[in-house]
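> Just so you know, the sequences run in chain order S and W. According to this note's numbering, the first sequence is numbered sequentially starting from 1. According to this note's numbering, the second sequence is numbered sequentially starting from 1001.
2 protein chains.
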Amino acid sequence: MTESERVPAERKRRRPTSSGVVLSADLIVDAARDLIDSQGAQAFTVRKLGAALGADPSAVYRYFRNTEDLLLALADRLIGESMAGFGPSGDWGADLRELGLRAYRSALRHPQIAAFSTIRVTGRPHEQRVVDTGVGLLLGAGFDEATAVRHYHALVDTALGHAALDAGVLRLAPAQRAADEQAWQDRYGSLPADEYPNLHRVREQLPLMAASAVERALDLLVAAMRREAVDRGAAESGATEREAADRVAGEGAERAG
Amino acid sequence: MTESERVPAERKRRRPTSSGVVLSADLIVDAARDLIDSQGAQAFTVRKLGAALGADPSAVYRYFRNTEDLLLALADRLIGESMAGFGPSGDWGADLRELGLRAYRSALRHPQIAAFSTIRVTGRPHEQRVVDTGVGLLLGAGFDEATAVRHYHALVDTALGHAALDAGVLRLAPAQRAADEQAWQDRYGSLPADEYPNLHRVREQLPLMAASAVERALDLLVAAMRREAVDRGAAESGATEREAADRVAGEGAERAG
DNA sequence: AGCTTGTGTCAACGGTGTTGACGTAACCTG
DNA sequence: CAGGTTACGTCAACACCGTTGACACAAGCT
Chain S
1 MTESERVPAE
11 RKRRRPTSSG
21 VVLSADLIVD
31 AARDLIDSQG
41 AQAFTVRKLG
51 AALGADPSAV
61 YRYFRNTEDL
71 LLALADRLIG
81 ESMAGFGPSG
91 DWGADLRELG
101 LRAYRSALRH
111 PQIAAFSTIR
121 VTGRPHEQRV
131 VDTGVGLLLG
141 AGFDEATAVR
151 HYHALVDTAL
161 GHAALDAGVL
171 RLAPAQRAAD
181 EQAWQDRYGS
191 LPADEYPNLH
201 RVREQLPLMA
211 ASAVERALDL
221 LVAAMRREAV
231 DRGAAESGAT
241 EREAADRVAG
251 EGAERAG
Chain W
1001 MTESERVPAE
1011 RKRRRPTSSG
1021 VVLSADLIVD
1031 AARDLIDSQG
1041 AQAFTVRKLG
1051 AALGADPSAV
1061 YRYFRNTEDL
1071 LLALADRLIG
1081 ESMAGFGPSG
1091 DWGADLRELG
1101 LRAYRSALRH
1111 PQIAAFSTIR
1121 VTGRPHEQRV
1131 VDTGVGLLLG
1141 AGFDEATAVR
1151 HYHALVDTAL
1161 GHAALDAGVL
1171 RLAPAQRAAD
1181 EQAWQDRYGS
1191 LPADEYPNLH
1201 RVREQLPLMA
1211 ASAVERALDL
1221 LVAAMRREAV
1231 DRGAAESGAT
1241 EREAADRVAG
1251 EGAERAG
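(1) Note down the Cα distance separating W:Gln-1042 from W:Ala-1032, rounded to an integer number of angstroms.
(2) Compare the C-beta of W:Thr-1067 against all C-beta atoms of chain S and say whether one is closer than 9 Å.
(3) Pull up the distance between the alpha-carbon of S:Ala-55 and that of W:Phe-1044, whole angstroms please.
(4) At the level of alpha carbons, what is the spacing between S:Asp-95 and S:Ser-89?
(5) I want to know whether the segment 196 to 212 of chain S touches the segment 1194 to 1203 of chain W - three or more CB-CB distances under 8 Å.
(6) List, in order along the chain, the chain W residues whose C-beta lies closer than 7 Å to that of S:Gly-136?
(7) From what residue to what residue does the alpha helix (DSSP H) around S:Ala-73 run?
(8) Under a CB-based cut-off of 9 Å, is W:Ala-1083 close to chain S?
(9) For the pair the segment 1140 to 1155 of chain W and the segment 143 to 154 of chain S, tell me if three or more CB-CB distances fall below 8 Å.
(10) Please say whether W:Gly-1100 and W:Leu-1220 have beta carbons closer to each other than 9 Å?
(11) Can you give me, in chain order, the residues of the segment 1128 to 1158 of chain W that have a beta carbon less than 7 Å from any beta carbon in chain S?
(12) Take S:Leu-160 as the anchor and find which of S:Ser-82, S:Met-225, S:Val-230, S:Leu-191 has the nearest alpha-carbon.
(13) Closest to S:Ala-107 by CA distance: which of S:Tyr-61, S:Ser-212, S:Leu-78 is it?
(14) According to DSSP, what are the bridge partners of W:Phe-1044?
(15) Please list, in chain order, the chain W residues whose beta carbon lies closer than 7 Å to that of S:Ala-223.
(16) Cβ closer than 8 Å: which chain W residues qualify as neighbours of S:Leu-208?
(17) So S:Thr-67 and S:Val-46 are supposed to be a Cβ contact under 8 Å. How far apart are they, rounded?
(18) Given a threshold of 16 other Cβ atoms within 10 Å of its Cβ, counted over all protein chains shown, does S:Arg-124 qualify as buried or as exposed?
(19) If we ignore side chains and look at the alpha-carbon of each, how far apart do S:Asp-91 and S:Tyr-104 end up?
(20) At a CB-CB cut-off below 7 Å, which residues of chain W make contact with S:His-126?
(21) Using only CA atoms, which one of W:Val-1130, W:Val-1029, W:Leu-1165 lies nearest to W:Ala-1075?
(22) If we define contact as Cβ-Cβ less than 9 Å, is W:Ala-1213 a contact residue for chain S?
(23) Using only alpha-carbon positions, find the residue among S:Pro-207, S:Ala-213, S:Ala-51 that is nearest to S:Ala-164.
(24) Thinking C-beta only, is W:Leu-1027 closer than 9 Å to W:Lys-1048?
(25) Just the C-alpha distance for W:Arg-1187 and S:Ala-51, rounded to the nearest angstrom, thanks.
(26) Under a CB-based cut-off of 9 Å, is W:Glu-1098 close to chain S?
(27) In whole angstroms, what is the alpha-carbon distance linking S:Arg-97 and S:Val-222?
(28) Please list the terminal residues of the continuous alpha helix (DSSP H) segment that includes S:Glu-195.
(29) What's the gap between the Cα of S:Arg-6 and the Cα of S:Arg-62?
(30) Looking at the C-beta of S:Leu-160, does it have a partner C-beta in chain W at a distance below 9 Å?
(31) Do we get a CB-CB distance below 9 Å when we pair W:Ala-1052 with the residues of chain S?
(32) Just the Cα atoms here: how many angstroms apart are S:Ala-154 and W:Ser-1038?
(33) Buried or exposed, going by whether 16 or more other CB atoms sit within 10 Å of the CB of S:Ala-224?
(34) Within the same chain, show all residues whose beta-carbon is closer than 8 Å to that of W:Gln-1205, passing over the 5 residues directly before and after it, in chain order.
(35) What whole-angstrom Cβ distance do S:Arg-14 and S:Val-21 have, given they're in contact under 8 Å?
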């Protein structure tokens, strides 16, 4: 885990800090996550991290090249956590939806990280595991390699994109969020029917926009993929489909351990 | 435009700076955009902005409360620019796709701005115009009010979400981007077939993931909406039941507060 | 002409990430 | 059990950052 330390070799000389803590890459990642969770996103600082660890801030640089490197390691850990306990149900469409939702939720749980690091391909083990699973679901559904990759990409990026979007709302201070919402209602609440006829017509439905659209977007994506799979299945014979699905299911069970 | 100045009143005493430039909110927004466009996102700094303007950095605070206020004003301008020249073609699906793509492109054109400003509802005229147009397209396609709002929301948020995602890549310096891509290929290029069977199988298609998935996602969304519209048209009487079910299902996904 | 005051400038504060030098303690060798 | 290497924690410093309060001055009004 957390492979990209500054010095990739295993550590032997584990000297405790002045406060007695024995540092490690994992411990630092833990502290970073706790800091972000408890203090809020903008409270994350190398100096505060050092204080939370009971160590000099610069000690972090013995383990990570820079803060971004550290945040990437944190992002990968979150990916792993979000997928804990996930196992294919047999319905590839529902599984893909679940996969996207899990990515969304975990990204959203840590707004700062979501807005900053879901944008990067971490390329780390947890991420690779998820990609393998997701692509496997689509291959099992009968899509060819290129289409499976493209559809997986569209689905996951959509989930993460919504997360990045919604994370921004969470990053706002509560007071400002309330003010924003009020301003929104003020502006959209009373619309001139002649100038904005469509907005006027749907004015009673506009509060629907306050909720995240991620589930709806995922539903639509999966629906489109399902339809496409059915069309493909009608054209060819669906014999291969069941075999591949079995392969995916077996792999998911193995991952849990 | 640019409404949220520190002092909303119109300015009268326009004293030139030491370098002879006469400041204004618009001029500052212009300079900020030029700076971001030319120097890159992370080059944006109040101090550098001051230098680019030929003024003391603190002069900016006579026009905007803080940097975020300034960037919001900039975001507002971009919304207007992105929709310039848009006109419905008659194919509502294609128009919706175009609407989403325009939102995506304009957000992406200024990565730094996209990363944080797509999260805010500006509630200003430009935005209202876009919402009215998009909802109108869906109403014209035969969707009821609630569905039109929800589908518009899903489409636009997906486009903006992808923009926020892809903007992160653009925010990286070119050298780092290349290094990232190389690292990505190294990690995903040679994966053990036994551990990652699906990734191994699609390994030749993985470069497809380097490109943005926004068009593919929009295509899938529009395809799903088209299919739904056809179904609704075919069985007009059964619409009410499905609608009620939708409303119940949609209530679970509120943004966390 | 004189007064008010808006506005540009200056200096400063308290932060930030990051680095290079340094000492010391932990491990390896003998 | 002694000595040497050196990894790693610490310290001080650098170059930035956003933001603010005091100040000077010129624009505009009376």
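We put the beta carbon where it would ideally sit given N, CA and C, even for glycine.
According to the data block:
(1) Locating residue 1042 of chain W in the second sequence gives position 42, where the first residue counts as 1. Locating residue 1032 of chain W in the second sequence gives position 32, where the first residue counts as 1. Their backbone Cα atoms lie some 12 Å apart in a straight line.
(2) As a first step, residue 1067 of chain W is located in the second sequence; it is residue number 67 there, counting from the start. For W:Thr-1067, the answer is no, since every Cβ of chain S falls outside 9 Å of its Cβ.
(3) The sequence position of residue 55 of chain S within the first sequence is 55, counting from 1. The sequence position of residue 1044 of chain W within the second sequence is 44, counting from 1. Looking at the two C-alpha atoms, the distance is approximately 32 Å.
(4) Position 95 of the first sequence, counting from 1, holds the residue named residue 95 of chain S. Position 89 of the first sequence, counting from 1, holds the residue named residue 89 of chain S. Their backbone Cα atoms lie some 7 Å apart in a straight line.
(5) no
(6) On the first sequence, residue 136 of chain S is found 136 positions in, with the first residue counted as 1. Asn-1198, listed in chain order.
(7) Taking the first residue of the first sequence as position 1, residue 73 of chain S is located at position 73. Taken as a continuous stretch (DSSP letters only), the alpha helix (DSSP H) holding S:Ala-73 covers 67 to 82.
(8) As a working note, residue 1083 of chain W is residue 83 in the second sequence. Looking at the sequence shown, residue 1083 of chain W is not Ala but Met. Not an interface residue.
(9) no
(10) Numbered from its first residue, the second sequence carries residue 1220 of chain W at position 220. Numbered from its first residue, the second sequence carries residue 1100 of chain W at position 100. For W:Leu-1220 and W:Gly-1100, no; Cβs fall outside 9 Å.
(11) Gln-1128, Val-1131, Asp-1132, Val-1135, Gly-1136, Leu-1139, Glu-1145, Ala-1146, Ala-1148, Val-1149, Arg-1150, His-1153, Ala-1154, Asp-1157, Thr-1158
(12) As a first step, residue 160 of chain S is located in the first sequence; it is residue number 160 there, counting from the start. That would be S:Ser-82, whose Cα lies nearest to the Cα of S:Leu-160.
(13) Here the question's residue 107 of chain S lines up with position 107 in the first sequence. The option with the nearest alpha carbon to S:Ala-107 is S:Leu-78.
(14) Counting from one through the second sequence, the residue named residue 1044 of chain W turns up at place 44. For W:Phe-1044, which the question treats as bridged, DSSP gives no partner whatsoever.
(15) Within the first sequence, numbered from 1, the residue matching residue 223 of chain S stands at position 223. Under the 7 Å cutoff, chain W gives Ala-1224.
(16) Looking up residue 208 of chain S in the first sequence gives position 208. Here the neighbours are Ala-1146, Val-1149, Arg-1150, His-1153, Gly-1250.
(17) The count along the first sequence starts at 1 and reaches residue 67 of chain S at position 67. The count along the first sequence starts at 1 and reaches residue 46 of chain S at position 46. About 6 Å separates the two Cβ atoms, so the contact holds.
(18) The sequence position of residue 124 of chain S within the first sequence is 124, counting from 1. Buried is the call here.
(19) Taking the first sequence and counting its residues from 1, one reaches residue 91 of chain S at position 91. Taking the first sequence and counting its residues from 1, one reaches residue 104 of chain S at position 104. So the alpha carbons of these two residues sit roughly 20 Å apart.
(20) As a position in the first sequence, residue 126 of chain S is number 126, starting the count at 1. Near S:His-126 there are no residues of chain W at all, since even the closest Cβ is about 12 Å away, more than 7 Å.
(21) Locating residue 1075 of chain W in the second sequence gives position 75, where the first residue counts as 1. Looking at the Cα atoms, W:Val-1029 is the closest of the given residues.
(22) Looking up residue 1213 of chain W in the second sequence gives position 213. Yes, contact with chain S.
(23) Position 164 of the first sequence holds residue 164 of chain S. Minimum Cα distance to S:Ala-164 is reached at S:Ala-213.
(24) Locating residue 1048 of chain W in the second sequence gives position 48, counting from the first residue. Locating residue 1027 of chain W in the second sequence gives position 27, counting from the first residue. No.
(25) As a working note, residue 1187 of chain W is residue 187 in the second sequence. As a working note, residue 51 of chain S is residue 51 in the first sequence. Distance between the alpha carbons of W:Arg-1187 and S:Ala-51: 34 Å.
(26) Indexing the second sequence from 1 puts residue 1098 of chain W at position 98. Taking Cβ atoms only, chain S never reaches closer than 9 Å to W:Glu-1098, which makes this a no.
(27) Taking the first residue of the first sequence as position 1, residue 97 of chain S is located at position 97. Taking the first residue of the first sequence as position 1, residue 222 of chain S is located at position 222. Rounded to whole angstroms, S:Arg-97 to S:Val-222 spans 7 Å at the Cα level.
(28) Start at 1 with the first residue of the first sequence, and residue 195 of chain S comes out as number 195. That residue, S:Glu-195, is in no alpha helix (DSSP H); it is neither H nor E in DSSP.
(29) Numbered from 1 along the first sequence, position 6 holds the residue referred to as residue 6 of chain S. Numbered from 1 along the first sequence, position 62 holds the residue referred to as residue 62 of chain S. Summary for S:Arg-6: the model assigns pLDDT 46, below 50, so the residue's position carries little reliability; its value from the coordinates is reported in the next sentence. If you take the alpha carbons of S:Arg-6 and S:Arg-62, they lie about 6 Å apart.
(30) By one-based count along the first sequence, residue 160 of chain S stands at place 160. It does: the Cβ of S:Leu-160 has a partner Cβ on chain W nearer than 9 Å.
(31) Residue 1052 of chain W sits at position 52 when you count from the first residue of the second sequence. It does not; no Cβ of chain S falls within 9 Å.
(32) For the purposes of this step, residue 154 of chain S is taken as residue 154 along the first sequence, with counting starting at 1. For the purposes of this step, residue 1038 of chain W is taken as residue 38 along the second sequence, with counting starting at 1. If I take the Cα positions, the gap works out to 30 Å.
(33) Numbered from 1 along the first sequence, position 224 holds the residue referred to as residue 224 of chain S. Buried.
(34) Position 205 of the second sequence, counting from 1, holds the residue named residue 1205 of chain W. Closer than 8 Å at the Cβ level, and outside the excluded window around W:Gln-1205, lies no residue.
(35) As a first step, residue 14 of chain S must be located in the first sequence, where it is residue number 14. As a first step, residue 21 of chain S must be located in the first sequence, where it is residue number 21. Actually they do not touch by this definition, with Cβ atoms about 11 Å apart.
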